[in-house]
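These notes are about the structure you will find just below.
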Amino acid sequence: MLQINMADVMNVIGSLTPYLIAIGVLFALALIITFAVNKKTVKEVATRKIVHSESWLVALVGIVVAVSMMLTGPLSTLLNNATITKYTLSDATVSKANELAKDVQSEAVTLLKNDDSNLPLSGKKVNVFGWGSTNPVYGGTGSGSMSKQYKTVSLLDGMKQAGLKTNTELSKLYTDYRKDRPEVGMFAQDWTLPEVPAKQYSDKLVSDAKDFSDEAVVVLTRVGGEGADLPTDMKAKGITYKNNSKDYDDFQKGESFLQLSKTERDMIDLVTSNFKKVTLVYNGANTFQFDFLSDYPQIQSVVWCPPAGQTGFSALGEVLAGETNPSGKTSDTFLKNLTKSVSYNNFGKFEYTNVADKAAKYKGFTGDDVTAIPGFVNYSEGIYVGYKFYETASDEGLINYDDTVAFPFGYGLSYTSFDQKLDSVKYKGGKVTVTATVTNTGDKAGKDVVEVYYNPPYTDGGIEKASKNLAGFEKTKELQPGESQKVTVKFDDDDMASYDYKGAKAYMLEKGDYDISIQSDSHHVIDHKAITVKDTVTYDSDSNTHNGDKTVATNQFDDVAGDVTYLSRADHFANYKEATAAPTNFKMSDKAKETFYNNSNYDPKKFDKDSDKMPTTGAKNGLKLSDMYGKDYDDADWDKLLDQLTFDDMDNLIANGGYGTPAVKSVGKIQLTDADGPASLNNNFTGVGSIGFPASTAFACTWNRDLAKQFGEMIGDMAHDMHVAGWYAPAMNIHRSAFSGRTFEYFSEDSLLSGAMASNEIAGAKSKGVYSFMKHFALNDQETNRTNMVCTWANEQSIRETYLKPFEMSVKEGGAQAVMSSFNYIGYTYAGASSNLLQTVLRDEWGFKGFVLTDYFGGYGYQNADQEVRAGNDSMLATTKITNHITDKSATSVKAMRQAAHNILYTAANSWQYANGEPKVATPIWKTAMYVAWGVTAVLVIGLEIVAIKRYLNRKKAVATVESAAEPVAAGPANAE
0 MLQINMADVM NVIGSLTPYL IAIGVLFALA LIITFAVNKK TVKEVATRKI VHSESWLVAL
60 VGIVVAVSMM LTGPLSTLLN NATITKYTLS DATVSKANEL AKDVQSEAVT LLKNDDSNLP
120 LSGKKVNVFG WGSTNPVYGG TGSGSMSKQY KTVSLLDGMK QAGLKTNTEL SKLYTDYRKD
180 RPEVGMFAQD WTLPEVPAKQ YSDKLVSDAK DFSDEAVVVL TRVGGEGADL PTDMKAKGIT
240 YKNNSKDYDD FQKGESFLQL SKTERDMIDL VTSNFKKVTL VYNGANTFQF DFLSDYPQIQ
300 SVVWCPPAGQ TGFSALGEVL AGETNPSGKT SDTFLKNLTK SVSYNNFGKF EYTNVADKAA
360 KYKGFTGDDV TAIPGFVNYS EGIYVGYKFY ETASDEGLIN YDDTVAFPFG YGLSYTSFDQ
420 KLDSVKYKGG KVTVTATVTN TGDKAGKDVV EVYYNPPYTD GGIEKASKNL AGFEKTKELQ
480 PGESQKVTVK FDDDDMASYD YKGAKAYMLE KGDYDISIQS DSHHVIDHKA ITVKDTVTYD
540 SDSNTHNGDK TVATNQFDDV AGDVTYLSRA DHFANYKEAT AAPTNFKMSD KAKETFYNNS
600 NYDPKKFDKD SDKMPTTGAK NGLKLSDMYG KDYDDADWDK LLDQLTFDDM DNLIANGGYG
660 TPAVKSVGKI QLTDADGPAS LNNNFTGVGS IGFPASTAFA CTWNRDLAKQ FGEMIGDMAH
720 DMHVAGWYAP AMNIHRSAFS GRTFEYFSED SLLSGAMASN EIAGAKSKGV YSFMKHFALN
780 DQETNRTNMV CTWANEQSIR ETYLKPFEMS VKEGGAQAVM SSFNYIGYTY AGASSNLLQT
840 VLRDEWGFKG FVLTDYFGGY GYQNADQEVR AGNDSMLATT KITNHITDKS ATSVKAMRQA
900 AHNILYTAAN SWQYANGEPK VATPIWKTAM YVAWGVTAVL VIGLEIVAIK RYLNRKKAVA
960 TVESAAEPVA AGPANAE
């Protein structure tokens, strides 16, 4: 769950200020009148009292009006979200979700090493070393956090459920040392890695452990989360870390969070000096630096267990015990030295030195004043991300592969053995069909993955191409010993096309031989066969677009390349040193500065068009949103419905899109709730959450599309139980660096594997009527500086082939209906205000129909609704009043608002809650309370007014009576005597 944001608190206070001032003024005036109208200034009691009464009655009415305006104005979205009915999961859904979560993790656990068949464990007793064994990593922080409503299976619980007995004395040592995990949160990060120093293991404890079992499991954990990337230097300024011993530092300068600490190494020394059969379990999403394995031959097995969710550790226990045969494959390349990563020098914090005039001030998450200076990050490696670099660099002789890579992409062992035979590779009618036979040649049942790669023809100095590219994959069913399965993998030839951003400015499938191979991983070829493309195909006409594009894909991001030197394969990566070096130029170019906009210099009126005509608003056409369910996006009735919207209706839809879309009375739209969480559904207002599934990285490690589809369907079922319409997921940014804080939330370093998982999750949710917000669109592959106007520089080939491909697949194959744009700038344009991205590519090329939502709308000095809505960003993820409202009421602005409203309403109308006509919803409790307060106030005011008038009249009458009685009696005539 997300935490309370002090910036929002300050924004709320700011938005309430006018109303609070009005209340204060009314109270003060009533008070002033009470004191000013006194015996000296007004002698008549009746008049004095009636003035006092009327002033307080007027103040009371005014205060009630002001409070009502606060509630129905700036507080309405917050109140609607906070008081919405709390719907929870049914017991049946909980049971199914837990079962599926375990199935996912069963196929995600990846066996990286298993010398001498060390695993499965030979006995039922085992010593489990490492503090992390008592506090493992279930997920990530921020939007990836888990709900506390449901039971969580710990790592040790999972082992116990699998029939393994663990050494409780060791576990007690760790829990006594520290029970809680240091917080790596959105607003603060403590990177401390608790681990008991080796000296604190008594001789008796070690002796007892050896008597308990001759088998040892060592658990290492690493956590990540939203808001911060993992430290590349644990001694860097600003890194919070507490050493485990006063005798030494856990890390030296330059050592990273993904390396062993000294205390961890000492613990491994202790374990390996006392046990010959050691299994290392790495529990984390980010690829660890396995540079130490060769130092410890006693470590016979290595298991990667990505964050397991709330029940996934049951699967790890079964893998260790041998009840489940591991079938996971790595989603990323594990390196022996992460500083040698191709992106290492161009990841992190880099700020411009000549943009003081572009500085932006805003309230930070913690409520502090922040002055942000635009920064940048250079994607200088181009298309050579992850294995595509290491395999190509090896082929070109740039690196020694075995010295560089610990475990390849797509790699994973099994407790059984498989034989894969390439039966055929056929190329006909633009389709490539690969058929292979997989046979279980071992003695245990298990699953295997057929991985198909292509190596395209490359011309030195021509279009950049990697020598290994994943083309497709398929996971087998569970094969019994001796059983075979014929597996077919199909893909289009244009999937092998490369984007030529310099010459054709289009996708090109160059003629020549394409080597098609089945492989056990990205590095090891099982068999291969070449196919020949006879003629070069350029996808540059309406009759011949790439991959089903609605319009020709051509350059949209020329300016995003900037002045960066990009890595080239030419002459065996001759420019490697220059291209991958750390940045030396910290000045924004004059060209970029000319069109760099944030809230300090963006004026919507400069972009108004005189030719635009004001749309119709406020019409009475009698249509309801429920009438639009199932109708085409371009159906004529949409214009009639949109005509009914007023400016305020549209502004409300656009401005208040935080965790749901607001109600719109004029078209009968109810409030819909959207939930956060990449591995679950979390309602940040009601506190209700769903079962937390394994991390997205775990899904990628399954290499199983069906499991991703089932997860999407389960999200749909849970959404129905919780009355949720939209899901802020899946996230499909690329594992460009091992140090990304949100690696757990993203799938892989490979765009096709990422897209396959994401599109199936989206399709599964869509089948249940739930719309998924594919995110973060786009090039938001680090947390550092993400809300500080970080300019991402990349060439168009890498943008399209690597970073946009998962999103493209999610639209074309998954049927995505919603998008969350990203915080960063793409070049010098904020992603949420890039019409090239949100209009031309997303909608015109890919044919997307739906709405685009910002990432969290904190303003940050650059987010503003006026700019974004014109670029195709339809809704602001805001719950408070800031720069999320439309200020320009020109025809250009209202046209854009109308289009945004169309996109939002189209998505809402086709959600499951409108499937059976107009949904029935209860009046929010706060509104009911407000109406009651109005009634009570009205009765009170009327009653007090009657009393005041009566008292006034009585006082006047009493005064008149007294005055009458006080008059002298007139003298009569004198008596005669």
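Numbering follows my numbering, in which position 310 of the sequence shown is assigned residue number 309; successive positions increment by one, without gaps. All residues carry an ideal CB built from backbone N, CA and C; glycine is no exception. Predicted, not measured: the structure shown is a model, and the values here were computed from it.
Review point. Do G224 and G139 have their C-beta atoms closer together than 8 Å?
Key: yes
**Study point:** Candidates N126, N242 and M233, of which the one nearest A208 by Cα
**Key:** N126
Exercise for review: Return yes when the Cβ of A358 is within less than 8 Å of the Cβ of N787, no when it is not.
Suggested key: no
**Study point:** Nearest-angstrom Cα separation, counted from T936 out to K147
**Key:** 42 Å
Point to revise | alpha helix (DSSP H) segment containing M721, residue limits | key: R704 to M721
Review point. Rounded C-beta distance between L315 and V301? I'm assuming under 8 Å.
Key: Rounded, the Cβ-Cβ distance is 13 Å, inconsistent with contact.
Check your understanding: Can you name, in chain order, every residue of its own chain whose Cβ lies under 8 Å from the Cβ of L56, other than the five neighbours on each side?
Key -> V940, L943, E944 and A947
Check your understanding: When we look at the beta-carbon of V451 and count the other beta-carbons within 10 Å, is it buried (16 or more) or exposed?
Key -> Using a 10 angstroms sphere on the CB of V451, the tally of other CB atoms reaches 16 or more, which defines it as buried.
Practice item. Taking M649 and L640 to be in contact with their CB atoms under 8 Å, please state how far apart those CB atoms are, rounded to whole angstroms. Key: Between L640 and M649 the Cβ distance is about 12 Å, and since that is not below 8 Å, they are no contact.
Exercise for review: Please confirm whether S910 and V769 have their CB atoms less than 8 Å apart.
Suggested key: yes
**Study point:** Endpoints, beta strand (DSSP E) assigned at D636
**Key:** No beta strand (DSSP E) holds D636; the alpha helix (DSSP H) holding it covers A635 to D642.
**Study point:** Backbone CA spacing between V931 and M819 [nearest angstrom]
**Key:** Roughly 39 Å separates the two Cα atoms.
Point to revise | Candidates K474, A870, L59 and Y400, of which the one nearest N835 by Cα | key: Closest by alpha carbon: A870.
Check your understanding: Given that a residue counts as buried once 16 or more other Cβ atoms are within 10 Å of its Cβ, and exposed if not, what is M808?
Key -> The residue is buried, with at least 16 neighbouring Cβ atoms inside 10 Å.
Check your understanding: Three-state secondary structure (DSSP) at Q199?
Key -> helix
Check your understanding: For E867, which three-state DSSP category applies?
Key -> helix
**Study point:** Proximity of S413 and P325 at Cβ, strictly below 8 Å
**Key:** yes
Practice item. List the DSSP bridge partners of L421. Key: According to DSSP, which records beta bridges pairwise, L421 is partnered with A435.
Practice item. Grab me the residues of A96's own chain with a C-beta within less than 6 Å of its C-beta, minus the 5 sequence neighbours each way, in chain order. Key: I690 and M713
Review point. Under three-state DSSP, which class holds Q104?
Key: helix
Exercise for review: May I have a chain-ordered list of the beta strand (DSSP E) segments no shorter than 3 residues that lie completely inside the segment 10 to 55?
Suggested key: none
Exercise for review: Identify every run of the alpha helix (DSSP H) within the segment 322 to 408, keeping only runs that are complete inside it and at least 4 residues long; order them along the chain.
Suggested key: Look at the segment 322 to 408 and you find these whole runs of alpha helix (DSSP H), each 4 residues long or longer: 386 to 394 and 400 to 403.
Review point. Would K489 pass as a contact of T432 if the rule is Cβ separation under 8 Å?
Key: yes
Point to revise | I31 classed as buried or exposed, judged by whether at least 16 other C-beta atoms fall within 10 angstroms | key: Its Cβ having fewer than 16 others within 10 Å, I31 is exposed.
Review point. Can you tell me the Cα-Cα spacing of S599 and L680, whole angstroms?
Key: 36 Å
Exercise for review: Would you be able to state if there are at least three C-beta pairs under 8 Å between the segment 275 to 290 and the segment 667 to 681?
Suggested key: When Cβ pairs closer than 8 Å are counted between the two stretches, the segment 667 to 681 is seen not to touch the segment 275 to 290, the count staying below three.
Review point. Do N554 and T564 have their C-beta atoms within less than 8 Å of each other?
Key: Judged by their CB atoms, N554 and T564 are not nearer to each other than the 8 Å cut-off.
Check your understanding: By a C-beta neighbour count over all protein chains shown, 10 Å radius and 16 as the cutoff for buried, is E477 buried or exposed?
Key -> exposed
Exercise for review: Please determine if the segment 415 to 424 and the segment 534 to 549 are in contact, where contact requires at least 3 C-beta pairs separated by less than 8 Å.
Suggested key: no
Practice item. Quick one: measure Cβ to Cβ for A496 and V551, integer angstroms, because I've assumed they're closer than 8 Å. Key: Rounded, the Cβ-Cβ distance is 13 Å, inconsistent with contact.
Check your understanding: What first and last residue would you give for the alpha helix (DSSP H) that runs through V810?
Key -> K804 to K811
Check your understanding: What do you get for L566, buried or exposed, if any count of 16 or more other CB atoms within 10 angstroms of its CB means buried?
Key -> buried
Practice item. Could you please give the first and the last residue of the uninterrupted alpha helix (DSSP H) stretch that includes Q299? Key: If you look at Q299, you'll find it isn't in any alpha helix (DSSP H); it sits in the beta strand (DSSP E) that goes I298 to C304.
**Study point:** Y389 versus T329 - alpha carbon distance
**Key:** 15 Å
Exercise for review: Please classify A215: does DSSP put it in a helix, a strand, or coil?
Suggested key: Three-state DSSP puts A215 in a strand.
Point to revise | Beta-carbon contacts of L876 that lie in its chain and below 8 Å, excluding the five residues immediately before and after | key: G656, G657, Y658, M819, L852, T853, D854, Y855 and F856
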